[in-house]
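*Asks:* All the letters of the sequence shown, read from the start, carry residue numbers 63 to 390 under the working numbering.
Note that CB positions come from ideal geometry on N, CA and C, so glycine has one too.
If you're wondering where the values come from, they're calculated on a predicted model, not measured in any experiment.
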Amino acid sequence: MQTPLYSWQITQWQQFLQRMQSDTLAHAILLTGVSGIGKLHFAQALVAANFCLQLDSAGFACKQCKNCHLLAADTYPDFISIKPSEENNKTTVDEIRGLISKLALTRHFDRKKIALIQHADRMNTNAANALLKTLEEPPPETILILLTDKPQALPATIRSRCQQTSLNLPDEAEALSWLQIQNPTTRWESLLKLAQGAPLAALDLLQSDLVEQRHLVVSSSLKLFEGQASVALLSAELESIPVPQIMAWLQSVIADLMRIKAMDNPPSLENPDFYRHLLAIAPRMTVASLQQLWEFLLQRSRIFDASLNRRLFVEDVLIQCRNGHKLA
Ligand SMILES: [Zn+2]
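Written out as structure tokens, the structure reads:
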């Protein structure tokens, strides 16, 4: 069955659901756990289930009733969510006061009001003090949900007034199988370790890795076209990047150069962040040489397999790219 939660969250979800249905949820809940396991996701499912008018058989919000629609449109009047400002990464006392005064209002619907505080550890001291009073004397029919991956950074007085639940980390096999579905061609073991076992954090790491790797391959190839780089050095720099990925990015550079050759201001490029550099290089290459390079890369991509000597393969490709402008 499709659920709005990650597989490793289901057991704890059922416990919360039971408490919700027997009306024994604490008025203040502190959800903790390492970054990248889906705490916000879990809290959002809880919020949605509290408001939904027709939960499905597993206790998840239906996403179809009036309340679900209001929540999805961010217009449900009895729900407040705050997170630290993007400027200084802090939650201020004014925001907490605003949240408290909204919680004090009479509720609009026959459901508990909920306030969700993301990254609760980033409240400054005044904000935490202001919240403390509300935790001591909560308005009727309200639930406060605090999220943090650093519970020890919260004042003990806040922690002691919340019912604390540490959300589960999946075991390694479960995390790896989930990651494998997200991206089957990646070897996830080391990334998962780097992410302390948190699958969503591992996924983020891969994405940030990809960004850096693409930058390296594209800038390296442009240096090669300018004749400014040593093939052996570049090949060593690219050593941690999978060969099919290198080939795809090299092809994207050739494609961009062909687009620039075809018109001065192409409407879209695969590497728009390198536009100026590409523009400077394009006059050094002929259309025929670009086409030859394109064919060459395509043919090499087809024949590459893991049994080939990686270094020789990459160096051969880089040499062809360096000589590319001489091909015509
Ligand atoms: Zn609903």
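Is LYS285 helix, strand or coil by DSSP?
*Replies:* In this structure, LYS285 counts as helix in the three-state DSSP scheme.
*Asks:* ALA123 and ALA110 - do their beta-carbons sit closer together than 8 Å?
*Replies:* Taking 8 Å as the Cβ cut-off, ALA110 and ALA123 qualify as a contacting pair.
*Asks:* Work out the CA separation of PRO306 and LEU355 for me, nearest whole Å.
*Replies:* The straight-line gap from Cα to Cα measures roughly 16 Å.
*Asks:* Per DSSP, LEU178 is paired with what?
*Replies:* SER143 and ILE207, per the DSSP bridge assignment.
*Asks:* Does the segment 170 to 186 come close enough to the segment 199 to 215 to have 3 or more Cβ pairs within less than 8 Å?
*Replies:* Result yes; three or more Cβ-Cβ pairs closer than 8 Å.
*Asks:* I'd like the span of the beta strand (DSSP E) that includes SER228, first residue to last.
*Replies:* 225 to 228 is the span of the beta strand (DSSP E), which, as asked, contains SER228.
*Asks:* Taking 7 Å as the line, does the beta carbon of GLN116 fall inside it for any heavy atom of ligand 1?
*Replies:* Flag set: Cβ of GLN116 near ligand 1.
*Asks:* Helix, strand or coil: which one does DSSP assign to ALA166?
*Replies:* Helix at ALA166.
*Asks:* For LEU300, collect the residues of the same chain with a Cβ closer than 8 Å to its Cβ; drop the 5 residues on either side in sequence, then sort them by chain order.
*Replies:* Excluding positions up to five away in sequence, the list reads LEU278, VAL279, SER282, ILE308 and VAL376.
*Asks:* Going by beta carbon distance, what residues of the same chain come within less than 7 Å of GLN244, once the five residues before and after it are set aside?
*Replies:* Taken in chain order, the residues that qualify are LEU265.
*Asks:* Relative to the C-alpha of ILE205, which candidate in ALA105, PRO232 and VAL155 has its C-alpha closest?
*Replies:* Selected option, being the one with the closest Cα: ALA105.
*Asks:* I need the straight-line Cα distance from ALA190 to ALA135, nearest angstrom please.
*Replies:* Rounded to whole angstroms, ALA190 to ALA135 spans 29 Å at the Cα level.
*Asks:* Can you tell which of GLY98, VAL96, SER97 and ASN112 has the C-alpha that lies nearest to the C-alpha of TRP75?
*Replies:* Out of GLY98, VAL96, SER97 and ASN112, ASN112 has the C-alpha closest to the C-alpha of TRP75.
*Asks:* Going along the chain, which residues of its own chain have a beta-carbon closer than 6 Å to the beta-carbon of PHE358, five neighbours each way excluded?
*Replies:* Counting only Cβ-Cβ distances below 6 Å, and skipping sequence neighbours, we find GLN382.
*Asks:* What does ILE91 pair with, by DSSP beta-bridge criteria?
*Replies:* BP columns for ILE91 point to ILE207 and GLN225.
*Asks:* In three-state DSSP terms, what is MET185?
*Replies:* Correct three-state label for MET185: strand.
*Asks:* Check whether the segment 256 to 265 touches the segment 86 to 100, counting contact only when three or more Cβ pairs, one atom from each stretch, lie closer than 8 Å.
*Replies:* Yes, since at least three Cβ pairs between the segment 256 to 265 and the segment 86 to 100 fall closer than 8 Å, the two stretches touch.
*Asks:* Less than 7 Å separating the Cβ of ASN129 from some heavy atom of ligand 1?
*Replies:* ASN129 Cβ: within cutoff of ligand 1.
*Asks:* Are at least three pairs of beta-carbons, each pair with one atom in the segment 314 to 323 and one in the segment 333 to 352, less than 8 Å apart?
*Replies:* Touching, yes, given that three or more Cβ pairs across the two stretches are closer than 8 Å.
*Asks:* Relative to the alpha-carbon of GLN71, which residue among LEU286, ASN385, LEU284 and ASN230 has its alpha-carbon at the smallest distance?
*Replies:* Cα-wise, what sits closest to GLN71 is ASN230.
*Asks:* Can you tell me the Cα-Cα spacing of MET220 and ALA107, whole angstroms?
*Replies:* Strictly speaking, residue 220 in this sequence is Ile, with Met absent from that position. For ILE220 and ALA107, the distance between alpha carbons rounds to 24 Å.
*Asks:* Spatial neighbours of LEU268 within its chain, please: C-beta separation below 7 Å, excluding the five flanking residues on both sides.
*Replies:* Within the same chain, LEU268 has close Cβ partners ASN245, THR248 and LEU253.
*Asks:* Is any heavy atom of ligand 1 found at a distance shorter than 7 Å from the C-beta of GLN275?
*Replies:* Checking the Cβ of GLN275 against ligand 1 gives no.
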